[in-house]
Each structure stands twice: as C-alpha cells, then as structure tokens.
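Residue numbering for the sequence shown follows our numbering, starting at 216 and increasing by one per position. Glycine included, C-beta positions come from ideal geometry on N, C-alpha and C. Right, one structure below, let's go through it.
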Amino acid sequence: MRRDRPSFTDEIKAELAGLQPAKPCCKDAELDALIRVLAASRNGRVRLRLPRNPIARAVVQLARDTGGQVHGVRKGTTERRPSYTVELSPGPAARTEGMCCARAALRGLFLARGVIAEPGSAYHLEIAVPPAEQAATASVLDRLRLPTTRLQRRGRAVFYLKGAEAITRSLGLMGANRAVVRFEHDRIVRDMRGNANRRANSETANLDKRLRVAYAQVEAVRKLQHHERSLQSLSPALRATAELRLAHPHASLQTLAGHAQVSKSAIAHRLHRLLALARENGLLD
Ligand SMILES: [Zn+2]
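Written out as structure tokens, the structure reads:
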C-alpha cells in the first residue's frame with residue numbers, strides 16, 4: 216500500500232523518537248521497556264530490530280546515556296521499508312518506580328510495538344507484547360490509569376485502548392504533544408461531519424485556525440526550552456504560561472485562562488510574547 220503521507224503511527228513515533236527524557240531514571244525506564252518487548256530479556260548482549268532510523272538513533276542515545284554499550288547498528292537491506300538492528304549491552308538496571316518512569320515506559324512500549332488508527336477513521340490504539348511481558352506491561356498501564364482491554368492474538372498479548380478521551384490522554388502521557396493536536400483536530404472535524412446541522416464550514420475554519428495557532432505556540436515554547444536549555448530566563452508569568460501551554464497543547468485560551476486564573480487577554484498577550492521571543496531568536500520559520 217502506497218501512502219502520500221506517513222501514517223499517524225509513524226508520525227507519532229517520529230515525534231517520540233525526538234524526545235529524550237531529561238531524568239536518568241526515565242531514560243532507563245524507556246530503554247528497558249523497548250528491550251523487554253523487542254528482545255525478551257535484558258541479559259547480556261541484546262539485539263533490537265527497529266523500524267525507523269530516528270528510533271534506532273534514540274535507542275543508541277538512551278543506551279549510551281544509561282551506561283550501556285552499543286556494539287553496532289546495521290541497516291536491513293531486504294525490506295522495502297528499511298529497518299535497523301541495534302546490538303547493545305544495557306547498563307545496570309535503575310530504579311524506575313516514579314510516575315515519570317511509567318510515562319517513559321509507555322513511550323518505550325509504543326515506540327517498540329504500538330499502532331494507532333488514523334484519527335479520522337477510528338479511535339483505536341494498541342500495543343502487542345510477548346506473553347512474558349504481559350504482567351509488566353499491564354502494571355505500567357495500570358499505574359497510568361489507562362483503561363485497556365486485553366486479548367491474545369497470534370501468540371502476543373495485545374493491550375488496546377478505545378475511545379478518543381483515553382487515546383488523547385495516552386498520547387499526552389507519552390509527551391506526543393504534536394500528535395495530540397492533530398488527533399484532537401481530526402476528531403472534532405470528524406464529529407462535526409457527523410453532525411446533522413451543518414454550520415461546520417466556518418467552525419472548521421475557526422478550529423483549524425485555533426489549532427494552528429496553538430501548535431505554533433507549542434513549537435515556540437519547545438524551541439525556547441531547547442534553546443535556553445530551560446525557560447528559567449523568562450519572567451515567572453511567561454514561564455508559567457509556557458508550561459501551561461505545553462501541558463495543555465490543544466486547550467482554548469479560555470481554558471488556559473481558567474487554569475492560570477487570569478484574564479483571557481492576559482494569556483493571549485503572554486502567548487503572543489512567547490511567539491515573538493522565539494521569532495526574535497530565529498527559532499521559528
Ligand atoms: Zn523517571
């Protein structure tokens with residue numbers, strides 16, 4: 216099947232591969248989840264077959280950052296879609312009990328074995344793991360309070376999530392903010408399409424505009440964060456607004472204003488200021 220654009224699954228994985236966890240515990244949790252479901256054990260040398268180059272690169276980085284050793288990366292030659300085999304010896308296992316680590320583990324699980332339906336067509340996200348990893352996977356999902364259903368399929372334990380709310384939440388937990396924006400957008404458009412009274416056109420245009428603006432704000436904040444290494448140099452009000460936008464990438468100004476307990480125009484002004492700052496620093500096109 217040929218596609219003009221990458222699937223939503225690929226899009227999310229590319230976004231997730233670009234996020235390196237800040238805390239060492241989370242790096243270990245993410246890598247550990249990847250290794251467990253792909254190699255069935257983290258003893259000695261493990262060999263991981265990964266679908267995409269950005270994921271292979273992320274795994275190499277995680278392995279190095281957690282005291283492991285990377286022995287080699289090989290590109291598969293036979294497939295139409297290239298795969299990469301990374302051979303590594305993981306570092307010592309760290310303590311990964313925090314909620315931060317549960318989110319990192321979810322990211323690892325999804326990178327390794329996750330699939331999500333196109334948001335315009337169905338609300339379905341699933342992660343298929345080897346039977347031996349069923350209990351560990353269930354425990355990650357339970358800690359995050361994600362309501363999954365379980366079934367067995369072709370020798371794998373498949374965990375799946377249904378419903379737009381649960382999927383948005385899981386994407387948010389993984390830190391896939393861009394994916395949340397796209398998912399929410401497609402979902403609302405889909406709901407509107409199903410709506411009998413068709414005021415849809417102007418509303419879709421408004422929504423598109425709102426989400427495009429929100430997306431630009433999230434990008435601006437991320438770039439500022441990356442550029443400055445932190446948002447510490449900003450005023451407390453701007454910093455709080457930046458963090459709020461990251462935590463609620465698709466929320467309306469009204470909602471953000473409610474969270475911050477300031478007026479809508481104050482929030483609009485601060486977001487505007489953040490965008491301007493990112494532009495002044497040449498961080499946005
Ligand atoms: Zn952690």
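Own chain partners of residue i with C-beta closer than 7 Å, once the 5 adjacent residues on each side are dropped
| i | result |
| --- | --- |
| H442 | N496 and L498 |
| Q276 | Q235 |
| A455 | A475 |
| I482 | T456, L468, L471, A472 and A475 |
| I270 | K228, A232 and L326 |
| V436 | A457, R460, L461 and L489 |
| L453 | R485, R488 and L489 |
| G313 | C240 |
| T383 | V395, F398 and E399 |
Buried/exposed call for residue i, threshold 16 Cβ in 10 Å
| i | result |
| --- | --- |
| R369 | exposed |
| K290 | exposed |
| D247 | buried |
| H400 | buried |
| K501 | Outside the displayed range of the chain (216 to 500) lies residue 501, so it cannot be described from this structure. |
| T364 | exposed |
| A278 | buried |
| H487 | exposed |
| N392 | buried |
| G259 | exposed |
| Q367 | exposed |
| G283 | buried |
| T352 | buried |
| R491 | Here residue 491 turns out to be Ala, not Arg, going by the sequence shown. Under this definition A491 is an exposed residue. |
| P307 | exposed |
| A237 | exposed |
| E333 | exposed |
| A350 | exposed |
| R251 | buried |
Bridge partners - residue i, DSSP secondary structure assignment
| i | result |
| --- | --- |
| R296 | According to DSSP, R296 bridges with nothing at all. |
| Y375 | E341 and T364 |
| Q235 | In DSSP, Q235 forms no bridge with anything. |
| L265 | Y299 |
| S304 | Q284 |
| G329 | I342 |
Sequence-distant residues of the same chain with beta carbon closer than 6 Å to residue i, five excluded per side
| i | result |
| --- | --- |
| D243 | T281, A309 and T311 |
| G329 | I342 |
| R405 | G335 |
| L253 | L263 and A327 |
| P464 | N392, V395, V396 and V433 |
| N421 | none |
Range of the contiguous alpha helix (DSSP H) that encloses residue i
| i | result |
| --- | --- |
| H474 | L468 to A475 |
| H463 | Counting along the chain, H463 falls outside any alpha helix (DSSP H), and DSSP gives it neither H nor E. |
| L498 | Segment: none, L498 is in no alpha helix (DSSP H) and carries neither H nor E. |
| R173 | Outside the modelled stretch of the chain, which goes from 216 to 500, sits residue 173, for which no answer is possible. |
Proximal residues to residue i (C-beta, below 8 Å), its chain only, five neighbours per side dropped
| i | result |
| --- | --- |
| V274 | L246, L249, L263, L265, V301 and L303 |
| Q432 | R460, L486, L489 and L490 |
| D225 | R267 |
| L356 | L321, T363 and F374 |
Element boundaries [beta strand (DSSP E), containing residue i]
| i | result |
| --- | --- |
| R289 | Q284 to K290 |
Residue i at chain B interface by Cβ criterion, 8 Å
| i | result |
| --- | --- |
| V288 | Here chain B cannot be found, since the structure has a single protein chain. |
Does the stretch 383 to 396 come into contact with the stretch 314 to 322, if we say contact requires no fewer than three beta-carbon pairs (one atom in each stretch) closer than 8 Å? yes
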